[in-house]
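A short write-up of the structure that comes next.
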Amino acid sequence: MDYYDYYGGWREKTFSCLCGWDEAGGEAEAGEMFDELGERCCTKCGERVFMLNWPTATQVEVAAFAGNEEATRQLVDVGQRQTRMARAAREDLISVDQLPDVDAEDIRASLDVESESEHNPEMCLFLNGTIVHREPAWYEGIEPLVRMLPILQEKYGERLHSISIGQGASLYLLGSALQLAHLPSRVGRPKRAQWRKPLSQAALGFDWST
Ligand SMILES: [Zn+2]
-14 MDYYDYYGGW REKTFSCLCG WDEAGGEAEA GEMFDELGER CCTKCGERVF
36 MLNWPTATQV EVAAFAGNEE ATRQLVDVGQ RQTRMARAAR EDLISVDQLP
86 DVDAEDIRAS LDVESESEHN PEMCLFLNGT IVHREPAWYE GIEPLVRMLP
136 ILQEKYGERL HSISIGQGAS LYLLGSALQL AHLPSRVGRP KRAQWRKPLS
186 QAALGFDWST
């Protein structure tokens, strides 16, 4: 099995499949995606014909600097994602000190995603209907819920009655699992820069246009 660098001319090269089909790499179908690379498969029989290494952020920058148009577009995703990562490092809920005192006997928490601008969806924590915290929302990962729950428990103890997950938050927390279940969502598809995974998948791993 051959491995190709993302900016390495695989689109023009002709690949031969065991089934007898020949085609240019650029025509091959995207197969399974991994963090660092992805499969490209025969469009006739589905067999894997080569592997594609996703570019690192540095490779995107180098290629963009050399004039590669695709890399120049990807650079926008890379930049947006780095900005969001920096914001998350400052704003993520990591301590009880970030939560307000609440008088109510019964505290009902809920999570939902608000997108004032499509590039900056935020995971919002509500207590009894009032927003008390917001941080960058990332597509596909229940980490925020797993991180926040013990902090809520520590702060409010037995007064924490429940936590409900809104539809937008469900999409971000569950990602493709929710989409594969064909459950409707009022939230649009997340932008690539909102993937917390390595750049590979953030920038390239999923073709949202299809
Ligand atoms: Zn084939």
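Heads up: the sequence shown at position 180 corresponds to 165 in our numbering, and the numbers run straight through without jumps. For glycine and all other residues, C-beta sits at the position ideal for the given N, C-alpha and C.
#### Entry: As assigned by DSSP and simplified to three states, the class of Gly23
strand
### Task
Please classify Thr57: does DSSP put it in a helix, a strand, or coil?
helix
### Task
On a CA-only basis, which of Glu90, His104, Arg132, Ala89 is nearest Leu110? Give me that one, please.
Arg132
### Task
Grab me the residues of Gly(-6)'s own chain with a C-beta within less than 6 Å of its C-beta, minus the 5 sequence neighbours each way, in chain order.
none
#### Entry: Limits of the unbroken beta strand (DSSP E) element including Thr43
That residue, Thr43, is in no beta strand (DSSP E); its alpha helix (DSSP H) goes 42 to 50.
### Query
Taking contact to mean at least 3 C-beta pairs separated by less than 8 Å, is the stretch 145 to 158 in contact with the stretch 90 to 98?
yes
#### Entry: Inter-residue spacing [alpha-carbon to alpha-carbon] between Gly153 and Gly10
37 Å
### Task
Could you tell me the distance, in whole angstroms, from the CA atom of Gly5 to the CA atom of His104?
44 Å
#### Entry: Contiguous alpha helix (DSSP H) assignments of at least 4 residues, all confined to the stretch 120 to 151
128 to 141
### Query
Using the beta-carbon count (16 or more within 10 Å), is Cys27 buried or exposed?
buried
### Query
Does the pairing of the stretch 79 to 89 with the stretch 115 to 122 give three or more beta-carbon distances under 8 Å?
yes
### Query
Going by alpha carbons, who is nearest to Thr43 out of Met36, Phe35, Val34, Leu60?
Leu60
### Query
In terms of residue numbering, what span does the beta strand (DSSP E) encompassing Ala15 cover?
14 to 18
### alpha helix (DSSP H) segment containing Ser161, residue limits
161 to 165
### Query
DSSP three-state call for Arg(-4): helix, strand or coil?
coil
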